[in-house]
Every structure is written in structure tokens, then in C-alpha cells.
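Chemist: Below is a structure I'd like to ask you about.
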Amino acid sequence: APPAPNNPIIHSAEKDDTAIFSLRHIQTLWSWTAKPSKPSHPPISSIPRTPSSRLLDPDAQPPSSLKQFPTEPILSCNHEHSNSPTILYLAYGSNLCAQTFLGMRGIRPLSQLNVSAPSLDLTFDLPGLPYKEPCFANTTIRKLPEKPPIPPIPPVPPIDPPTPPNTSSQQWTKGLYGVVYEVTPSDYAKILSTEGAGSSYHDILVPCFPLPPSISIPENPSTPIPRPFLARTLYAPRLPPNPPSPPDSSSSPDKLPSFFRGLLLPPTRPPPPAQPSPRYLSLILTGCKEHDLPPAYISYISSLQPYTPTTLRQKLGQYVFLTLWAPALLLLMFGGRVLSDKKTGKAPKWVTSFSTVIINLMWKSYDIFANPIFGDGERTLED
463 APPAPNNPII HSAEKDDTAI FSLRHIQTLW SWTAKPSKPS HPPISSIPRT
513 PSSRLLDPDA QPPSSLKQFP TEPILSCNHE HSNSPTILYL AYGSNLCAQT
563 FLGMRGIRPL SQLNVSAPSL DLTFDLPGLP YKEPCFANTT IRKLPEKPPI
613 PPIPPVPPID PPTPPNTSSQ QWTKGLYGVV YEVTPSDYAK ILSTEGAGSS
663 YHDILVPCFP LPPSISIPEN PSTPIPRPFL ARTLYAPRLP PNPPSPPDSS
713 SSPDKLPSFF RGLLLPPTRP PPPAQPSPRY LSLILTGCKE HDLPPAYISY
763 ISSLQPYTPT TLRQKLGQYV FLTLWAPALL LLMFGGRVLS DKKTGKAPKW
813 VTSFSTVIIN LMWKSYDIFA NPIFGDGERT LED
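Just so you know, we're using this note's numbering here: the sequence shown kicks off at 463 and counts up by one.
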């Protein structure tokens, strides 16, 4: 479900006058061309579990201005400054996979912890590259339902009506599951750089609940109530197609012709949602299994259908589109990495704006030319 209109995260996003998503797409496309800088990386099992004491540090607890623990994500800029030497980062997409996170990105977590983040839902609404990587993982804020009033007990019928068989794909209604890595500030800057140089996402603090180890035989069995803590993650809010501009803004994009105004807006795709590639889904599924996330969540990820070209036209379109656009995307990707700040991982605004224009031009060329000629490059065509 979309976030509530009064959500401060959305209000902050609407104030941004540059690209929100573009470098995220370019940097993620690197994952199907790049190879790990080292031929091997430590296994997930070698990373120790985050101690409970770390979750009690000030950066993992709500700011003193809040009277109770938040039930929704909050902007990290609204949190009090912390002197903690490490950062708790919530991963939910391809960064769950050791091949991507430890190998390709070269991150070395100090500890890790499987968690549930009930205030978020997993989505695949970040546009990628048609025919090859149609979309990437994102999250959306999930409104937690309130306890409904208890209705009166109806009379019991003599025979319960039969329930219809469930033939549709699995639906997930239990929020996001992922892994919180404890990383150094330099590694977190590297994460921001490889996830779009800080332009694609807002840095938010998410309430997380630790998950117990899947296999444990304590000497004194007990059922402790999990205590929530805050972890940072990257969230790309979905803005309306024509977000309102401040009335006193002299550089309002609304003063530009509609075509150019569209090139400066964050790239979005119309419904129905696109399907991620088999490669991308495989990374997420592998990461879920490596971390031994709950079987029900693994089953849900396994049930997701990837994008697969089924016609000769789609396969030809994959080759043609990749040949035409990959050089420009790779050039922007390398430029974003080189020009990004080494301490913060963020790229200059002119880089993100230029990248937004390129991404939007690519998708416009798909809508106008490629889709009519080669067929759907976002969703599998049924036989």
C-alpha cells in the first residue's frame, strides 16, 4: 500500500529537484557485467551474529524526542548524531547474496543478524534495462493494520461452506525479511556508491525485530520477546508523475516544456509491475537461503515469476537494446563511481540529473520504438 500523504519521508522526497532513481539503475546494471575484484570471498557463515549489546547503542534506538518506539521508518537525518564506530545496514535485495555483497562490492561486515521489518514491503518497481534487467528491488512503506473491533459471534452454520482452491501465485502479507549487517562507515559509503551514489535512495531508519537462530538448543529454553531496534536502509519513494512544485521556485521544472520536464522527473513505469530477471531473482533467493531466512519467505521468493523472453522478437530486442544502450549506461556508471565522494558515497547533483535524462530517454525509446517492434521487455508473454 502507498505511504500516507502526511508521511515526512514522502514530503522530503517531493522537495528534491534532481534525480531520485537514475544512478541506482546504472549501478545495479553493473552486476551483470562486472566480476568480483577477488576470485574468492569469505562465506556467510564466517560472519558472527550481532551481539545484543550493539542493538542497545544510541544509533539503534529512537531519538529522545520520540516518546515511544516508532512503528514506521523515519529519516536518518532526523536522528540524533551518534558516535558509534559502526553502522547497522538493512539489506533486502541482491545484497543478501554473498556473491554480490562480499564478492562484487567487496564489503566486509563485522557482524550480521536476520531480522523482520514489518513496516516495509518488498517491491520490484525500480526501472532497469528493458529485455535484460526490467526492474530491481525496492521497498514501500507498509501501513500496519490496527486491531479491528471484535464483532459478535455469528451463528454456526450446520456445514461450513467449502473454500475455493488457491490457484493464484503466493501473496505475502507479513512485511519485509532481510539481514542487518554491521559495517564500517567506509564500507557504508561504498554501499551508497554502488547503490547509485546516494542519489537513488533516501537514507532511512527502519524498526527491525531480531529473528532467533533457526537451529539452537539452549540449556535453559525460553521464549524471549524480541526487542526492536533501528537499522539504516535505502528507500526510493515513488513520486507522482507530476509532483507539485513550490510556488516560489524560480527553477520549477513546470516552466519547461512537457517533454523536457518529463526527462527531469524520476523514471517510473505504468502498471502492471515489471518482472525481475532470472539472474536478479536468483541472487535474492540464494541470499535468503545462505542466511537461512524463514522457509515461508523463501517459498514466497521462489514463487515469483522472472522475466523471460519467449518470442524471437523479444530475444532480438534484447540483443539490439543492449547493444544500443549498454555503452552509455556503463559510461555513466563509471563516471558516477569516479565522481562520488569517497566519504559519503554520494555523487554531485549534476551527475544524477544527467543520469536521469539518459535513463528517461532510454525508456522513451523503448515505449516509442522497441516495444511496438520487439514486444514486451518488462513482462513474460504467455504462450
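Quick reminder that beta carbons are idealized off the backbone N, C-alpha and C, glycines included. Since the structure is predicted, the reported quantities are computational estimates derived from the model, not experimental observations.
For Val800, count neighbouring C-beta atoms within 10 Å of its own C-beta (all shown protein chains included) and say buried if the count is 16 or more, exposed if not.
Modeler: Exposed is the call here.
Chemist: Beta-carbon within less than 6 Å of His754's beta-carbon, same chain only, minus the 5 sequence neighbours each way: which residues are those?
Modeler: With the sequence shown as reference, residue 754 is identified as Asp, and His is not the correct amino acid for it. Counting only Cβ-Cβ distances below 6 Å, and skipping sequence neighbours, we find Ser676.
Chemist: Mapping the DSSP letters down to three states, classify Gly724 as helix, strand or coil.
Modeler: helix
Chemist: Straight-line CA distance for Pro688 to Leu673?
Modeler: 8 Å
Chemist: Ser578 by DSSP, collapsed to three states: which one?
Modeler: strand
Chemist: Based on Cα-Cα distance, which residue from Ile666, Lys826, Pro719, Cys597 lies nearest to Cys539?
Modeler: Relative to the Cα of Cys539, the nearest Cα in the group Ile666, Lys826, Pro719, Cys597 belongs to Ile666.
Chemist: Anyone know if the C-beta pair for Thr601 and Leu572 falls short of 8 Å?
Modeler: no
Chemist: Taking the alpha helix (DSSP H) that Asp649 falls in, what are its first and last residues?
Modeler: Taken as a continuous stretch (DSSP letters only), the alpha helix (DSSP H) holding Asp649 covers 647-656.
Chemist: Please give me, in chain order, every unbroken run of the alpha helix (DSSP H) with length at least 4 that falls completely inside the stretch 791-832.
Modeler: Runs of the alpha helix (DSSP H) inside the stretch 791-832: 811-827.
Chemist: Do you know offhand how far Ser581's Cα is from Leu518's?
Modeler: 20 Å
Chemist: Determine the closest residue to Ala560 out of Ser744, Glu844, Leu794, Pro596, with distance taken between C-alpha atoms.
Modeler: Minimum Cα distance to Ala560 is reached at Ser744.
Chemist: Is Thr512 closer than 8 Å to Glu595 when the C-beta atoms are compared?
Modeler: The Cβ atoms of Glu595 and Thr512 lie no closer than 8 Å to each other.
Chemist: Taking the straight line between their C-alpha atoms, what separation do you get for Gly724 and Pro789?
Modeler: 23 Å
Chemist: Quick check: what's the CA-CA separation for Thr656 versus Leu552?
Modeler: Spanning the two alpha carbons is a distance of roughly 15 Å.
Chemist: Quick one, which of Ala832, Pro547, Asn576 has its alpha-carbon nearest Cys670's?
Modeler: Asn576
Chemist: Three-state secondary structure (DSSP) at Thr562?
Modeler: helix
Chemist: Within 10 angstroms of its Cβ, does Phe563 collect 16 or more other Cβ (buried), or is it exposed?
Modeler: buried
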